[in-house]
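Under our numbering, the first residue of the sequence shown carries the number 96, and numbering increases by one thereafter. Think of the CB as a built atom: it goes at the ideal place given N, C-alpha and C, for glycine as much as any other residue. Scroll down for the structure; my scribbles are underneath it.
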Amino acid sequence: MDQQLYLLQTPGMSEEARPERVRPGTDSPADTLNRETVPAGRSLYRPVSIGNLRLAGNVFLAPVAGYSDRAFRSLCIDCGADFTYTEMVSSEALTRNSGKTESLMLRAPNEERYAVQIFGGDPERMGEAAFIALAQTGAECLDINAGCPVPKIVKTGAGSALTRDPDRLALVTRSVIRGARRFSEETGAVPAAVTVKIRSGWDASDLSWERAARAALDEGAQAITLHPRTRAQGYEGKSDWSVLAALSALARRDYPGIPVFGSGDLFAPEDAERMLAETGCDGVMFARGAMGNPFIFTQTRELLTAGAYADIPAETRVRAGWKELLDLVSDSGEQAACREMRKRFCAYTKGIEGGAALRAEIVLAETADDYRKIFETRGFSLIAR
Ligand SMILES: Cc1cc2nc3c(=O)[nH]c(=O)nc-3n(C[C@H](O)[C@H](O)[C@H](O)COP(=O)(O)O)c2cc1C
């Protein structure tokens with residue numbers, strides 16, 4: 096996937112756009128939560144099953160092209176993410192055996208289970224890609240992208256064109272399930288779960304989410320994620336959580352045991368709490384809210400289990416970024432990793448005392464040693480005690 100294409104369509108990613116973090120207290124949205132929507136005795140933070148796959152919790156990292164690489168996913172797991180998705184991987188590239196594609200799908204050492212997301216509009220090729228992706232990764236889950244809004248992608252019948260065309264989505268789902276089953280039969284591996292991520296529709300006049308969801312679930316998809324914006328909205332405007340509530344109710348009624356995951360406007364731990372409580376969905380996926388702030392997983396789990404969360408100490412933030420840098424160096428080479436980590440480190444050090452001067456040096460760092468010196472001269476210990 097050409098990440099620039101995705102990023103071009105991505106407003107709302109700036110630091111300024113990210114809401115202030117709010118802690119439960121006098122003015123927290125959590126205090127205004129309508130707790131009557133939470134079924135009695137049912138914790139918002141809870142295990143979830145996708146087919147045979149058992150996850151200890153329901154707070155996930157969403158697929159994010161150009162961001163959810165293996166180093167970042169690994170950091171998110173360290174921070175408490177219960178499940179992670181690779182960025183979308185092209186079925187064309189997979190079936191043409193592109194080496195670059197394989198590196199997008201690599202499992203992180205601490206990624207005990209994860210999902211590889213694939214995209215494409217041709218059912219047969221998607222089935223073949225499913226087999227290849229599993230052969231290359233042994234992933235526990237394959238997720239079908241039916242939400243990408245990028246013109247170059249939808250033109251091929253892929254991404255959100257699949258939400259618009261439930262018949263094709265059904266064929267794609269069937270074929271991916273067949274590919275996964277064939278892999279399991281040939282290798283004896285436990286069958287991978289197959290899941291689908293959709294949008295609410297093409298535009299306001301064509302809200303096909305229900306037909307798309309039914310098409311995928313009738314074919315045997317084992318979980319469904321909804322990003323309740325239309326393709327026309329891209330990433331602008333508000334996501335419509337009432338659609339997520341409707342899908343959750345529909346699944347509970349007509350597809351018992353099939354979990355529904357929500358994505359859209361999760362920028363703070365309180366947003367995740369509110370989405371779980373207000374929509375009845377089974378799990379939440381942080382996307383833009385985790386970019387530059389993987390600590391959102393730690394804090395969300397604290398909020399959901401203890402009702403409040405603590406700030407993340409500066410040293411913890413810096414060490415997390417340092418580990419990510421080293422992982423990225425081994426995956427992408429030192430030069431590319433050091434450049435990429437400039438923006439990530441700048442985000443991680445937001446709010447740190449002397450942060451502006453620190454960031455002025457970070458944006459010039461060319462080597463891992465440059466980073467090490469920047470932090471060690473300020474007294475940060477980069478090796479975990
Ligand atoms: C830069 C960027 C890249 C994305 N890449 C993918 C992708 O590869 N696959 C996918 O299903 N969704 C992708 N998404 C959508 C997110 O997973 C998520 O559904 C969406 O951003 C809504 O969540 P948010 O409002 O909390 O960011 C991407 C979003 C952004 C901003």
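S425 places its beta carbon 8 angstroms or farther from that of T374. Nearest in C-alpha terms to D260, of all of L302, L189 and P158, is L302. N153 has its CB no nearer than 7 angstroms to any heavy atom of ligand 1. For K445, there is no enclosing beta strand (DSSP E), since its DSSP letter is neither H nor E.
F475 and E410 do touch by the CB rule: their CB atoms are close to 6 angstroms apart, below 8 angstroms. Comparing C-alpha distances from E281 to each of V271, L266, A288 and F226 shows the shortest one belongs to F226. C-alpha of V271 to C-alpha of I145: approximately 16 angstroms in a straight line.
Burial is judged here by how many other beta carbons sit within 10 angstroms of a residue's own beta carbon; D349 has fewer than 16 and is exposed. Per the DSSP secondary-structure output, R437 pairs with nothing in a beta bridge.
With a threshold of 7 angstroms, the Cβ atom of Q394 does not count as near ligand 1, since no heavy atom of the ligand is closer than that.
For secondary structure counted as the alpha helix (DSSP H) over 4 or more consecutive residues, the region 259-340 holds these complete runs in sequence order: 261-282 and 304-314. Assignment of C171 by DSSP, reduced to helix, strand and coil, places it in the helix class.
Taking each of K195, V355 and V184 in turn and checking the Cα distance to I248, the smallest one comes out for V184. Pairing P142 with F155, the inter-Cα distance amounts to about 12 angstroms. Between S427 and A341, the alpha-carbon positions lie close to 42 angstroms from each other. For A463, the enclosing alpha helix (DSSP H) begins and ends at A463 to E471. Across the set L453, Y443 and R467, the C-alpha of Y443 shows the shortest separation from the C-alpha of C171. Fewer than three Cβ pairs drawn from the region 206-226 and the region 396-409 lie within less than 8 angstroms of each other, which leaves the two stretches out of contact. DSSP places R191 in the coil class of the three-state scheme, outside both helix and strand. Judged by DSSP secondary structure, E182 falls outside any alpha helix (DSSP H) and instead within the beta strand (DSSP E) spanning F178 to S185. Rounded to whole angstroms, A288 and L199 show a C-alpha spacing of 19 angstroms. With respect to the 8 angstroms criterion, P323 and D335 are classified as neighbours on the basis of their beta carbons.
Comparing alpha-carbon positions, the option among G352, G152, D164 and A401 lying closest to A432 turns out to be D164. Contact annotation: A160 and E182 have beta-carbon atoms nearer than 8 angstroms. The alpha carbon of T268 has as its nearest neighbour, out of Q231, R294 and I319, the alpha carbon of I319.
The region 367-398 is shown to contain whole beta strand (DSSP E) runs of 3 or more residues at 378-381, in chain order. About 4 angstroms separates the beta carbon of V291 from that of A311, a gap short enough to meet the 8 angstroms contact definition. For the 8 angstroms CB-CB criterion, G296 and T258 form a contact. Counting along the chain, F226 sits inside no beta strand (DSSP E); it lies in the alpha helix (DSSP H) bounded by residues P218 to T232.
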